[in-house]
Structure formats: structure tokens, C-alpha cells
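J.: No gaps in the numbering here: position 288 of the sequence shown is 288 in the UniProt record's numbering, and each next residue is one more.
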Amino acid sequence: MSSFLIPSTNPGLSARVQDWLSSGTSLIRNRNNSKIIITSSILAVLSATVAPAIYRDYRDFISLGPGGVPHNVIGWLGVSLVLCPLGREMFSTEVYDRNPDKRSFLSEADVPRREGRRPVVGRHVVPQRQMDQIPGAEIKEKLTAAFTSLYQQNQHLVKLSTSLHESNTEALFLADGVRGNEPVATDMLREISHIHGTGDYSVHVTLPPQDCKKVIQAGWAQRHAFSGNTIFKRLGVKRLRLPAEYVLIYAPRNEEELKTVMKFVRASVAYLAGVAVEEVYFVDYKVYGEYGGLLSILYCIISYGQQNDELLLLSFYLQQTWFAEYANRYATYLMDPFLIK
Numbered sequence: 001m002s003s004f005l006i007p008s009t010n011p012g013l014s015a016r017v018q019d020w021l022s023s024g025t026s027l028i029r030n031r032n033n034s035k036i037i038i039t040s041s042i043l044a045v046l047s048a049t050v051a052p053a054i055y056r057d058y059r060d061f062i063s064l065g066p067g068g069v070p071h072n073v074i075g076w077l078g079v080s081l082v083l084c085p086l087g088r089e090m091f092s093t094e095v096y097d098r099n100p101d102k103r104s105f106l107s108e109a110d111v112p113r114r115e116g117r118r119p120v121v122g123r124h125v126v127p128q129r130q131m132d133q134i135p136g137a138e139i140k141e142k143l144t145a146a147f148t149s150l151y152q153q154n155q156h157l158v159k160l161s162t163s164l165h166e167s168n169t170e171a172l173f174l175a176d177g178v179r180g181n182e183p184v185a186t187d188m189l190r191e192i193s194h195i196h197g198t199g200d201y202s203v204h205v206t207l208p209p210q211d212c213k214k215v216i217q218a219g220w221a222q223r224h225a226f227s228g229n230t231i232f233k234r235l236g237v238k239r240l241r242l243p244a245e246y247v248l249i250y251a252p253r254n255e256e257e258l259k260t261v262m263k264f265v266r267a268s269v270a271y272l273a274g275v276a277v278e279e280v281y282f283v284d285y286k287v288y289g290e291y292g293g294l295l296s297i298l299y300c301i302i303s304y305g306q307q308n309d310e311l312l313l314l315s316f317y318l319q320q321t322w323f324a325e326y327a328n329r330y331a332t333y334l335m336d337p338f339l340i341k
């Protein structure tokens with residue numbers, strides 16, 4: 001600010017006025033400088049704290065692996081800014097108490113208390129993944145094998161195809177011609193279950209309401225953040241209109257947990273297909289390997305005994321036993337390229 005010339009016949013007064021204006025100009029300049037310094041300091045602090053937090057959040061999103069949304073900065077922004085605010089809590093079970101469907105496909109023995117704490121699940125609603133307690137390569141392989149085995153034994157009920165919800169992994173769907181349990185089957189786009197094979201190897205299933213309550217309370221599962229959220233149904237977003245019965249099963253950490261998880265998958269098949277759980281065949285993935293020789297002998301007796309008078313009676317008897325079905329399935333299993341060894 002330039003100095004003003006104050007015309008006056010009193011030189012002393014003029015000098016005082018000029019000093020006053022100069023002091024005011026300096027004060028204004030100092031205040032402006034202070035504002036600039038404060039603003040710069042705030043921006044520096046924000047840059048030092050917020051920017052790393054944003055980067056960590058993006059890095060966590062990428063670490064979850066692909067699934068459902070673009071696995072890049074575009075997907076991260078969409079999930080963080082649009083989808084996350086629409087998520088709901090994932091652990092309460094009151095919604096299942098209010099459901100009039102009181103069927104249960106899992107006994108109390110099928111749902112033991114899961115040992116230890118729950119795994120940490122990422123804050124991003126899509127893809128839903130756990131951040132720790134990831135199983136080793138052997139359990140991952142056996143889980144995939146068991147999942148494939150269940151499909152092979154139940155092709156009258158299910159088929160295997162690319163997941164509509166994940167896009168990057170295979171899922172069990174209701175087979176063509178199977179009517180399914182409505183309206184859940186339609187809400188799920190007829191998709192029953194999938195393993196997150198590109199990430200943590202947790203499993204998404206859709207279970208009867210009372211079984212959802214059991215697995216959540218026993219520490220095996222939590223809902224998806226969009227489960228039961230009707231906003232997507234009103235908006236016509238089919239891939240996100242998830243029923244309340246859609247839950248995340250934590251990845252198995254050992255073989256005992258793997259067996260339990262596969263019971264949940266089997267129950268999910270029965271629930272979506274609208275059949276009794278006994279109608280969903282599943283032999284533990286180890287049975288064929290441990291008892292394959294015996295099943296082969298039984299199959300030979302059953303098959304060829306009908307052509308041999310000496311074995312006819314024994315063949316007829318074996319056909320009435322519970323393991324005859326497994327012997328027949330094992331024979332088909334031997335010719336399948338997905339044979340578990």
C-alpha cells in the first residue's frame with residue numbers, strides 16, 4: 001500500500017498521520033502473512049497425515065484381490081465414495097428371529113464353536129474379504145477339491161459357472177431345470193456359493209435364516225454389508241440385491257474346519273435347490289482316496305454279480321446298502337478329470 005500525502009499547514013500532524021498509516025499497512029501485511037503461514041501449516045499437516053492414510057486405504061483395497069468391481073483406482077473410488085456409505089452392520093441376528101422360516105439344515109453338532117477370534121475383515125464392502133487367518137496352500141487346494149467334488153456328485157442339482165457376484169471365480173449355480181427356493185433363488189441370480197479363490201479363500205453361501213443365526217453366533221460367519229439392504233432392489237441393481245441370508249464363511253484354517261465349512265456349502269445347496277439336505281450327496285474329499293480300493297471292489301461285485309449266479313445274491317444285498325451309491329459314484333469319479341488324489 002503506497003503512502004498518502006497529507007496536505008497540512010502543521011508539519012508535525014502530517015508526520016504523525018503518515019506514521020499511523022504506515023503502522024496500519026505493516027499490521028495488515030503481518031496479518032496476511034500469518035494467514036498464509038497458518039494455511040500452509042494446516043496443508044502440510046494434512047499432507048503428512050491424510051495422504052498416507054488414503055494411500056494405505058487404496059493399498060488395502062488392492063490387497064483384497066479382484067472381485068465384483070474393477071481392481072484399480074476407479075473401483076477403489078467407487079467403493080469408498082459410493083458403496084461403503086450404504087453398508088450395514090454384519091453381526092446382529094435379530095433379522096433371523098423375525099423371519100417366519102424356521103427351517104434348519106444344520107444340526108447343533110454341525111456348527112461347533114469356532115476356535116479363537118474372528119478374522120479381521122476389510123472395511124471395503126466390495127470385495128468382502130478377510131485380512132488375516134489366511135489358510136496355507138494345502139488347505140486352499142483341498143477346499144477347492146472338496147468344492148469341485150460336491151459339484152461332481154450333484155450335477156442333477158447344480159452346475160459350475162463364473163460367479164455373477166465375483167466375476168473372477170467359479171461358483172455353484174442351480175442346474176437348469178431346477179426350480180429353486182423362491183424368492184431367494186431369484187435374488188441370488190440362482191447362484192448358490194463361491195470360494196474367493198483369488199484372495200483369502202473365504203466362502204460366500206446363502207443359508208436358511210436359522211442356520212445363518214447359528215453360524216454367526218458360533219463365530220464362523222458374518223453377513224455381507226449389503227445383505228438385506230433393499231435399496232439396490234428398488235434401484236434395480238441385480239448384482240447387489242443380496243438377501244439377508246447371504247453370509248461370508250471364514251476361510252478354514254485346518255482340515256477339521258474344512259469339513260465344517262463344506263457342511264455349510266452342502267446346506268446352502270439344499271436351501272437354494274429347495275430339497276432336503278439328505279438329497280445333496282457329498283462324500284468327504286478324503287474318502288475316495290482312503291477307501292477307493294474297497295469301493296472299487298464293491299462296484300465290481302454289484303456290477304458283475306448280476307451276471308454271475310454265485311454273486312447274484314451278494315450283489316443284490318449290496319445294492320440295498322448305503323454305500324452302494326458311493327461305489328457307483330466312485331466308478332464315475334475315476335473317469336472324471338477332476339479326480340481327487
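We treat Cβ as the ideally placed atom computed from N, Cα and C, and that holds for glycine.
(1) Does Ile42 come out as helix, strand or coil in the three-state DSSP assignment?
(2) Output the distance between the C-alpha atoms of Gly68 and Glu166, rounded to the nearest integer angstrom.
(3) Buried or exposed for Ile195, going by 16 or more other Cβ atoms inside 10 Å?
(4) Taking Ala267 as the reference, which of Gly65, Glu182 and Ser193 has the closest Cα?
(5) So what does DSSP say about Lys159, is it helix, strand or coil?
(6) Check whether the segment 196-212 touches the segment 97-117, counting contact only when three or more Cβ pairs, one atom from each stretch, lie closer than 8 Å.
(7) Could you tell me which residues DSSP pairs with Ala171 in its beta bridges?
(8) Compare the Cα-Cα distances from Val277 to each of Glu191, Ile231, Val247 and Asp110 and report the closest residue.
(9) For a quick check, are the C-beta atoms of Tyr250 and Arg98 less than 9 Å apart?
(10) If I measure Cβ to Cβ from Met335 and keep anything under 8 Å in the same chain, skipping five residues before and after, which residues do I get?
(11) Since Thr93 and Lys213 are thought to touch, with beta carbons under 8 Å apart, how far apart are those beta carbons, to the nearest angstrom?
(12) Quick check on Thr144: does DSSP put it in helix, strand or coil?
(13) Tell me whether Glu170, by its Cβ, gets closer than 8 Å to a heavy atom of the ligand SAH.
(14) Which term fits Phe264, buried or exposed, when burial requires 16 or more other beta carbons within 10 angstroms of its beta carbon?
(15) Out of Asp60, Ile216, Tyr58 and Gly87, state which residue places its alpha-carbon closest to the alpha-carbon of Ile232.
(16) By the three-class DSSP mapping on this structure, what secondary structure does Ile139 have?
(17) Suppose the cutoff is 7 Å on Cβ atoms and the five residues either side in sequence are ignored; what does the same chain contact list for Gly228 look like?
(18) Which word fits His156, buried or exposed, when buried means at least 16 other C-beta atoms lie within 10 angstroms of its C-beta?
(19) Would you call the CB atoms of Thr274 and Val158 closer than 9 Å?
(20) Taking the straight line between their C-alpha atoms, what separation do you get for Lys238 and Arg117?
(21) Roughly how many angstroms lie between the CA atoms of Thr162 and Ile54, to the nearest whole one?
(22) By a C-beta neighbour count over all protein chains shown, 10 Å radius and 16 as the cutoff for buried, is Thr39 buried or exposed?
(23) Could you give the C-beta distance for Lys142 and Tyr201, rounded to a whole number, given that I count them as a contact under 8 Å?
(24) Taking only the alpha-carbon atoms, compute the straight-line gap between Val203 and Pro183 and give it to the nearest angstrom.
(25) Use the C-beta contact count for Met1: other C-beta atoms within 10 angstroms, 16 or more gives buried, fewer gives exposed.
(26) Where Leu83 and Leu160 are concerned, what is the direct C-alpha to C-alpha distance, given to the nearest angstrom?
(27) If you drop the 5 nearest sequence neighbours on each side, which residues of the same chain put their C-beta closer than 7 Å to that of Tyr271?
(28) Please identify the residue among Arg129, Leu150, Pro135 and Thr169 whose C-alpha is closest to the C-alpha of Met262.
(29) Who does Leu248 pair with in a DSSP beta bridge?
(30) Going by beta-carbon coordinates alone, are Gly241 and Phe91 separated by less than 9 Å?
T.: Working from what's here:
(1) helix
(2) 4 Å
(3) buried
(4) Ser193
(5) strand
(6) yes
(7) Ser161 and His194
(8) Asp110
(9) no
(10) Bear in mind that the predicted position of Met335 carries a pLDDT of just 43, short of 50, making it too unreliable to give a figure here.
(11) That pair is a contact at about 4 Å.
(12) helix
(13) Ligands are entirely absent from the displayed structure, and the ligand SAH is therefore not among its contents.
(14) buried
(15) Inspection of the sequence shows that residue 232 is occupied by Phe rather than by Ile. Taking only the C-alpha atoms, the option nearest Phe232 is Gly87.
(16) Here Ile139 carries a helix assignment [DSSP, helix/strand/coil].
(17) Closer than 7 Å at the Cβ level, and outside the excluded window around Gly228, lie Val95, Pro243 and Ala244.
(18) exposed
(19) Rather than Thr, the amino acid found at residue 274 in this sequence is Gly. It is not a contact, given that the beta carbons lie outside the stated cut-off.
(20) C-alpha separation (whole angstroms): 33 Å.
(21) 32 Å
(22) exposed
(23) With a Cβ gap of about 10 Å, Lys142 and Tyr201 do not count as contacting.
(24) 22 Å
(25) For Met1, the pLDDT reaches just 45, beneath the cut-off of 50, and the residue's location in the model is therefore unreliable, leaving the point undetermined.
(26) 29 Å
(27) Phe105, Asn181, Thr206, Leu207 and Pro208
(28) Closest option to Met262, Cα to Cα, is Leu150.
(29) Within the DSSP bridge table, the entry for Leu248 names His204 and Gln222 as partners.
(30) In the sequence as displayed, the identity of residue 241 is Arg instead of Gly. Not closer than 9 Å, so no.
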